[in-house]
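Working notes, beginning with the structure itself.
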Amino acid sequence: MPSSPKSFYARPPSYSRRSTALILSLLLGLSTIFGLVAVSRRAMGNKCKFDKPLSVSVAWDRSSTGSSVTSDSSPKRHKVMGFVGIQTGFGSAARRRSLRQTWFPSDRQGLQRLEESTGLVFRFIIGRTSDRSKMAALKKEVAQYDDFVLLDIEEEYSKLPYKTLAFFKAAYALYESDFYVKADDDIYLRPDRLSLLLAKERPHSQTYLGCMKKGPVFTDPKLKWYEPLSNLLGKEYFLHAYGPIYALSADVVASLVVLRNDSFRMFSNEDVTIGSWMLAMNVNHEDSKLLCQAECTSSSIAVWDIPKCSGLCNPEKRMLELHEKDICSKSSTLPSDDDD
Numbered sequence: 000m001p002s003s004p005k006s007f008y009a010r011p012p013s014y015s016r017r018s019t020a021l022i023l024s025l026l027l028g029l030s031t032i033f034g035l036v037a038v039s040r041r042a043m044g045n046k047c048k049f050d051k052p053l054s055v056s057v058a059w060d061r062s063s064t065g066s067s068v069t070s071d072s073s074p075k076r077h078k079v080m081g082f083v084g085i086q087t088g089f090g091s092a093a094r095r096r097s098l099r100q101t102w103f104p105s106d107r108q109g110l111q112r113l114e115e116s117t118g119l120v121f122r123f124i125i126g127r128t129s130d131r132s133k134m135a136a137l138k139k140e141v142a143q144y145d146d147f148v149l150l151d152i153e154e155e156y157s158k159l160p161y162k163t164l165a166f167f168k169a170a171y172a173l174y175e176s177d178f179y180v181k182a183d184d185d186i187y188l189r190p191d192r193l194s195l196l197l198a199k200e201r202p203h204s205q206t207y208l209g210c211m212k213k214g215p216v217f218t219d220p221k222l223k224w225y226e227p228l229s230n231l232l233g234k235e236y237f238l239h240a241y242g243p244i245y246a247l248s249a250d251v252v253a254s255l256v257v258l259r260n261d262s263f264r265m266f267s268n269e270d271v272t273i274g275s276w277m278l279a280m281n282v283n284h285e286d287s288k289l290l291c292q293a294e295c296t297s298s299s300i301a302v303w304d305i306p307k308c309s310g311l312c313n314p315e316k317r318m319l320e321l322h323e324k325d326i327c328s329k330s331s332t333l334p335s336d337d338d339d
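Mapping to the working numbering: the sequence shown position 102 is 101, numbers consecutive.
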């Protein structure tokens, strides 16, 4: 995939101090996600194979109602243009394998080069499970690839809103970023073009960026997108971004960080939950259809099988198929004049 020119990005990375790989242990009770944040360096019980361990542990103090950051070593937040958290789960090892064979770098050096060329940091975001065999498998994958953020929150589909909130708070504690991007592990992404989108000059410091939609509220418990709190929503959802990928600017995430957990209402669907919070804030809803393309084009940023699936259908296979197409993986960062 072609790299974007470095001149597009105002914030150079600083890898010498920390970060290419983050193992994040967030001691987050579901009822008390907010509090003091303690940052320390420790791995998932295994010795890092690199000279300088880059894993980080972040603990949320349940006894506090504040949101300041504390640390034994007082590390500075790593400055980047964007932090992209690829949400994944214990049943998605094959998806991660396909991603590492396509647009997501499969080694530490590749992640560094991607950050240097785009200003974006990419990590897989995963919670925990009581299944010891699954945790053991994750530990091996972490040791091999060193590209995870581990949240101490139960990895369950029904708890995605909680996981998403934990992700934004953790990312904010570790990175001083212009944008924080939530993305799913079943989309085909062009990091170079995403970088250009995030680097645009904007008149609003509080931006909610995504492929925006409205739609009917599902009241049938038998349907996948059923909303138990539908009585609060009416017949149609408010404007909000599709869940596979969206971004919040730093000022928006900063507002989320300082609020207490019981200040938020959690809906069943994660994208609706985030969208509802955005309604309560003075944010600018920025709609970009380049984030929800069904096919690769000369300007597409995120490709997934909209509207059939909430990502790529059969992503393990489709990811590889798309990457074989020149229009997906080898077309230039910016469309040529001939594409107009």
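Cβ atoms here follow ideal geometry from the backbone N, Cα and C, with glycine treated the same way. Fair warning: this is a prediction, and the values are worked out from it, not measured in the lab.
Beta carbon of residue i nearer than 8 Å to that of residue j
i       : j       : result
Gly-90  : Leu-119 : no
Tyr-236 : Gly-214 : yes
Leu-137 : Ile-152 : no
Glu-315 : Ala-93  : yes
Phe-103 : Phe-121 : yes
Leu-165 : Leu-150 : The identity of residue 165 in the sequence shown is Ala, whereas the question assumes Leu. A contact, by the Cβ cut-off of 8 Å.
Cys-295 : Leu-321 : yes
His-239 : Lys-199 : no
Asp-185 : Leu-319 : no
Ser-97  : Arg-189 : no
Thr-87  : Asp-191 : no
Ala-170 : Gly-84  : yes
Val-257 : Gly-233 : no
Thr-163 : Glu-285 : no
Buried or exposed (CB count within 10 angstroms, at least 16 for buried), residue i
i       : result
Gly-28  : A caution first: Gly-28 carries a pLDDT of 34, below 50, which makes its placement in the model unreliable, though a value can still be read off. It counts as exposed.
Asp-219 : exposed
Tyr-156 : exposed
Glu-269 : buried
Lys-324 : exposed
Arg-131 : exposed
Met-280 : exposed
Ser-326 : Going by the sequence as given, residue 326 is Ile instead of Ser. So Ile-326 ends up on the exposed side.
Asp-106 : exposed
Glu-175 : exposed
Ala-301 : buried
Lys-351 : Here the chain has residues from 0 to 339 only, and residue 351 is not among them.
Ala-253 : exposed
Val-79  : buried
Leu-228 : exposed
DSSP state of residue i mapped onto helix, strand, coil
i       : result
His-203 : coil
Met-341 : Here the chain covers residues 0 to 339 and nothing more, so residue 341 does not appear.
Ile-85  : strand
Ser-30  : Residue confidence is low: Ser-30 scores 32 on pLDDT, short of 50, so the model does not pin down where it sits. No coordinate-derived value is stated.
Ile-244 : strand
Ile-300 : coil
Leu-228 : coil
Glu-294 : coil
Asp-219 : coil
Asp-286 : strand
Arg-122 : strand
Arg-127 : strand
Trp-59  : Caution is warranted here: a pLDDT of 47 is assigned to Trp-59, below 50, making its placement in the model unreliable, and no coordinate value can be reported.
Pro-334 : coil
Lys-75  : coil
Glu-355 : The first residue shown for the chain is 0 and the last is 339, placing residue 355 beyond what the model contains.
Leu-113 : helix
Leu-150 : strand
Leu-23  : Note on Leu-23: pLDDT 38, under 50, position unreliable in the model; the coordinate value appears next. Coil at Leu-23, not helix or strand.
Glu-235 : strand
Met-265 : coil
Completely contained alpha helix (DSSP H) runs for the segment 162-214, where each covers 4 or more residues: 190-198
Counting pairs of beta carbons, one from the segment 217-231 and one from the segment 287-306, are three or more of them closer than 8 Å? no
For the 8 Å Cβ check, are there 3 or more pairs between the segment 172-181 and the segment 239-253? yes
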